[in-house]
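Engineer: Can you keep this structure in mind? I'll have questions shortly.
Residue numbers (the UniProt record's numbering): 1 to 62.
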């Protein structure tokens with residue numbers, strides 16, 4: 001998973017409290033970046049280590 005993807009996921013989480021893009025009415029156009037298991041892992045990792053650099057979760061999700 002790219003650093004850019006992780007950065008966007010974290011931005012969505014901070015701004016909306018969710019990791020689901022708002023979309024623009026074009027249902028089905030969004031490609032899922034993470035599955036539920038990866039998202040749970042990332043959330044737990046960030047709760048335990050909120051000061052991680054983007055490359056650290058990226059390495060663990062690869």
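The beta carbon of each residue, even a glycine, is placed where N, CA and C say it ideally should be.
Would you mind working out which of 8, 17, 60 and 52 sits nearest residue 38, comparing C-alpha positions?
Structural biologist: Along the chain shown, read from residue 1 onward, the residue named residue 38 stands at position 38. Out of 8, 17, 60 and 52, 60 has the C-alpha closest to the C-alpha of residue 38.
Engineer: Helix, strand or coil for residue 43? Go by DSSP, reduced to three states.
Structural biologist: Counted from its first residue, the chain shown places residue 43 at position 43. Three-state result, residue 43: helix.
Engineer: Tell me which same chain residues have a C-beta within less than 8 Å of the C-beta of residue 3, skipping the five on either side of it?
Structural biologist: Looking up residue 3 in the chain shown gives position 3. Answer for residue 3: 54, 55 and 58, listed in chain order.
Engineer: Would you kindly work out how many angstroms separate the C-alpha atoms of residue 33 and residue 5, rounded to a whole number?
Structural biologist: For the purposes of this step, residue 33 is identified with residue 33 of the chain shown, where counting begins at 1. For the purposes of this step, residue 5 is identified with residue 5 of the chain shown, where counting begins at 1. Computed Cα separation, rounded: 7 Å.
Engineer: Looking at the structure shown, is residue 52 part of a helix, part of a strand, or coil, going by DSSP?
Structural biologist: To locate residue 52, count along the chain shown from 1; it is residue 52. Coil, per DSSP.
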